[in-house]
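Residue numbers (the UniProt record's numbering): 1 to 300.
Data block below; observations after.
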């Protein structure tokens, strides 16, 4: 599948990036915080149970995440959010009033709410047939295009949950026109080697048969999350954050690093997340030792 260039022009893509990206500082460590949620389209519960909130002893309801996130994005223009699973967003969108839909369209146009991946789900990379992958990507991307136009086009793929990654997927994503591929899981020995050599970002040549750069795709390996980062003590939290940020910077070649802020079915209480992120950014920037800390969601 290829994306029609007349609908997804470079002009539109540049506009989105310029409007949504925060300024950075050369020569300083720039930490890009990426608020996100990972919402399984079926795993420990059915899709309906995940969306509506049945069996909340496992995980809560996906529909409330989007309610909460939109509300918090509107309260602060500096806030950003990325969303992956179009299957859940489609259900949520269909139940919203026209006024809410217009508000969400404005957030998307401004680059404050950004879709990544764009498929119906985050597909498995081991057991899936390429035709099924293309079909589910087509369904999701078509809905985003029909709903949001060029501004709804995902520019990167986001596979933080699959256990292992196939170059066939990278090849398909490159041919679909994506600018980058971000994932989190890889063999522990491979990760250790890449960390030593600062090779956690690479250009993946995902085909021996296709002429470069047809199947070439920038690929970023995400750092492991620290689930214990939040605390009530400012000095302790800021100190630990700086240790983590500086440690992470030693395994990447540039002075730009990414930290994902979220996990499975998070942001049902987006106010809690954004309140703490706002404080974290304020107090870390006040230290001036780390350099620039900005919340940024525009990847690739």
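All residues carry an ideal CB built from backbone N, CA and C; glycine is no exception.
Note that the coordinates shown come from a computational prediction; the quantities given were computed from them, not determined experimentally.
Cβ contact annotation for residue 165 (same chain, cutoff 6 Å, sequence separation greater than five): 125 and 183, in chain order.
Sequence-distant partners of residue 194 (beyond 5 residues in either direction) whose C-beta falls short of 7 Å from its own C-beta, in its chain, are 200 and 221. Look at residue 160 here: in three-state DSSP terms it is coil, with no helix or strand label. For the 8 Å CB-CB criterion, residue 81 and residue 51 do not form a contact. Residue burial annotation: residue 29 is buried, with at least 16 other C-beta atoms found within 10 angstroms of its C-beta.
Taking each of 181, 127 and 86 in turn and checking the Cα distance to residue 137, the smallest one comes out for 86. Pairing residue 146 with residue 26, the inter-Cα distance amounts to about 39 Å. Residue 239 has its alpha-carbon roughly 43 Å from the corresponding atom of residue 133. For the set 167, 173, 106 and 189, the Cα lying nearest the Cα of residue 149 is the one of 106. Counted as a single uninterrupted DSSP element, the beta strand (DSSP E) harbouring residue 216 occupies residues 216 to 221.
The continuous stretches of alpha helix (DSSP H) do not include residue 265, and DSSP gives it neither H nor E. Pairing residue 263 with residue 207 gives a Cβ-Cβ distance that is not under 8 Å.
Taken in chain order, the whole alpha helix (DSSP H) runs of length 4 or more contained in the stretch 61 to 132 are 62 to 75, 86 to 94 and 98 to 109. Remark: C-beta atoms of residue 258 and residue 36 do not approach each other more closely than 8 Å. Counting along the chain, the unbroken beta strand (DSSP E) around residue 201 starts and ends at 201 to 205. Judged by DSSP secondary structure, residue 255 falls outside any alpha helix (DSSP H); it is assigned neither H nor E. Taking 8 Å as the cut-off, the Cβ atoms of residue 283 and residue 76 do not count as close. 176 is the residue among 176, 188 and 62 whose C-alpha sits nearest the C-alpha of residue 217. With fewer than 16 neighbouring CB atoms inside 10 Å of its own CB, residue 243 falls in the exposed class. Shown here, residue 178 sits in coil according to DSSP, grouped into three states, outside any helix or strand.
The beta carbon of residue 196 sits closer than 8 Å to the beta carbons of 251 from its chain, once the five residues preceding and following it are set aside; these are given in chain order. Closest in alpha carbon position to residue 272, among 71, 186, 246 and 22, is 71. For residue 284, the enclosing alpha helix (DSSP H) stretches over residues 270 to 287. If the five residues before and after residue 116 are omitted, its C-beta is found closer than 6 Å to the C-beta atoms of 82, 84, 154, 156 and 158, all from its own chain and listed in chain order. Around the beta carbon of residue 163, fewer than 16 other beta carbons sit within 10 angstroms, so the residue counts as exposed. The C-beta distance from residue 219 to residue 181 rounds to 5 Å, short enough to meet the 8 Å contact threshold.
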